[in-house]
Amino acid sequence: MISPNICVGTDRYAMFKAGPVLSVSHGMGVPSMAIMLHELLKLLYHARCSGVSIIRIGTSGGIGLEPGTVVLTQQAVDATFQPQFEQMILGKRVVRGTDLDAQLVRELMQCSADLDEFPTVVGNTMCTLDFYEGQSRLDGAICCFTEQDKQEYLQAAHAAGVRNIEMESSVLAAMCSACSLPAAVVCVTYLDRLQGDQIRSPHEVLAEYEQRPQRLVCHFIKKSLRGPEAPATRR
Ligand code: R2B
Ligand code: URA
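Spelled out as structure tokens, the structure:
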């Protein structure tokens, strides 16, 4: 049976519940993710949920990785490669840490090894406010830097441990960390940004890439719900 969208009365996001798992769309970019998380965290609080983990699955641009590689985020970093998220609150600059849960990363890495279907790495994820200039693309409507500037910046990001770039990880890490909720970010890479700006793989290839974080996290959820393996019985 297809489960219904339980947020069907709003165009903010879609939400599906399957047993103890909520699957929620978060839209594109930090503001969209922040609004959804505020509302989701309040919902979880009022529903008295416990033992909650939050996992973002999505897509990204890789740095120095084979397209289709899945990146498990160690630290969500800003455009200066710092593990922090900055927000203006009451006209003042508030900076929050962006630590993600190391145990979740280890368990997800083990799940990728169990599946043995696609390459998976652990690395830092740079979160930007924009897909074009913010991600050092030259192919947006405006651009104020050269290909050489871009290569130097992306190489510096790689040297700082950044393996992919997307647009939501830092606010998710900051908000979950502020609420003491374990969180993870699992994103597949569509392209290697050292090789270009445009996503050129055919639609079917990208559709299969998109499934990778889903397959990995589904395996993790099933494994977690089964609980620790029963010890082998002695003969
Ligand atoms: C990855 O892909 C989207 C931009 O195309 C954005 O939501 C993200 O983080
Ligand atoms: N999503 C991003 O934010 N950047 C990319 O390069 C690809 C997907």
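According to the UniProt record's numbering, the stretch in the sequence shown is residues 1 to 235, in order. Backbone N, C-alpha and C fix where the C-beta goes; we use that ideal spot for every residue, glycine too. The structure presented is a predicted model; accordingly, all values stated were derived computationally and were not measured.
Contacting residues, own chain, Cβ-Cβ under 6 Å from residue i (five flanking each side not counted)
i       : result
Arg-132 : Arg is not the amino acid found at residue 132; the sequence shown has Tyr there. Around Tyr-132: Gly-140.
Val-95  : Gln-84 and Glu-86
Gly-134 : Thr-128
Per-residue burial, residue i [other beta carbons within 10 Å of its own, 16 or more giving buried]
i           : result
Asp-101     : buried
Ile-55      : buried
Gly-9       : exposed
Ser-169     : buried
Glu-166     : buried
Gln-75      : buried
residue 241 : Look at the range of the chain in this structure, 1 to 235, and you will see that residue 241 is not part of it.
Cys-144     : exposed
Val-162     : buried
Residues of its chain near residue i, where Cβ-Cβ distance is below 7 Å and the 5 sequence neighbours each way are ignored
i       : result
Asp-197 : Arg-137, Leu-138 and Asp-139
Lys-17  : Ser-3 and Ile-6
Ser-32  : His-26
Three-state class that DSSP yields for residue i in the structure shown
i           : result
Arg-193     : coil
Arg-234     : Reliability fails at Arg-234, whose pLDDT of 44 lies under 50, so the model's placement of it is uncertain and no value is given.
Lys-222     : helix
residue 290 : Within the shown structure, residues of the chain are numbered from 1 to 235, placing residue 290 beyond reach of any answer.
Asp-114     : helix
Ala-207     : helix
Gln-155     : helix
Asp-11      : coil
Gly-123     : strand
Leu-41      : helix
Met-167     : coil
Met-88      : strand
Gln-198     : coil
Checklist entry - Is there contact between the region 213-222 and the region 85-95, where contact requires at least three CB pairs shorter than 8 Å? => result no
Item to check | At least 3 beta-carbon pairs within less than 8 Å: the region 62-72 vs the region 179-191 | outcome: yes
Checklist entry - Which residues, in chain order, sit with a beta-carbon under 6 Å away from any heavy atom of ligand 2? => result Thr-59, Ser-60, Gly-61, Phe-131, Gln-135, Ile-165, Glu-166, Met-167 and Tyr-190
Next on the checklist: Using 8 Å as the cut-off, can you tell me whether the region 147-166 makes contact with the region 193-213, which would need three or more C-beta pairs spanning the two stretches below that distance?
Outcome noted: yes
Item to check | Any 3 or more C-beta pairs closer than 8 Å across the region 36-43 and the region 71-84 | outcome: no
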